[in-house]
């Protein structure tokens, strides 16, 4: 079955960097675009970014453009979210997602940005 397992979250200060990972299994990873979402406290879940199957193209939510980078390693079945210059508004649970007939989600990893 499809499984997505995020890791790498934590408590950081404004301006810090963090890299999240999402390990995927149960499907042919290289055949699917992968997505990162986030849901902040009291906020709706929002799409952070998307990476195509080969990693040749990425799209980002406006507030994270220039600060976040999505990449993938198809040999390791893993997608990454590199976050730099983190801000308090980036505080959220970050989830990876794949659409295979329906949406599959990981359990999420908490990122808290606070001084």
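Numbering (my numbering), first residue to last: 41 to 155. For each residue, glycine too, the CB sits at the ideal point set by N, CA and C. Since the structure is predicted, the reported quantities are computational estimates derived from the model, not experimental observations.
Three-state secondary structure assigned by DSSP to residue 56: coil
Through-space distance from residue 80 to residue 131, alpha-carbon basis: 6 Å
Endpoints, beta strand (DSSP E) assigned at residue 77: 74 to 79
Collapsed DSSP secondary structure at residue 42 in the structure displayed: coil
Segment contact flag, the stretch 50 to 70 with the stretch 136 to 151, C-beta cutoff 8 Å, min 3 pairs: yes
Nearest neighbour of residue 46, chosen from 127, 151, 62, 73 [CA to CA]: 62
DSSP three-state assignment for residue 69, whether helix, strand or coil: helix
Residue 136 to residue 118 span [Cα, whole Å]: 10 Å
Buried or exposed by the 16-neighbour rule on C-beta atoms within 10 Å, applied to residue 44: buried
Straight-line Cα distance separating residue 126 from residue 52: 8 Å
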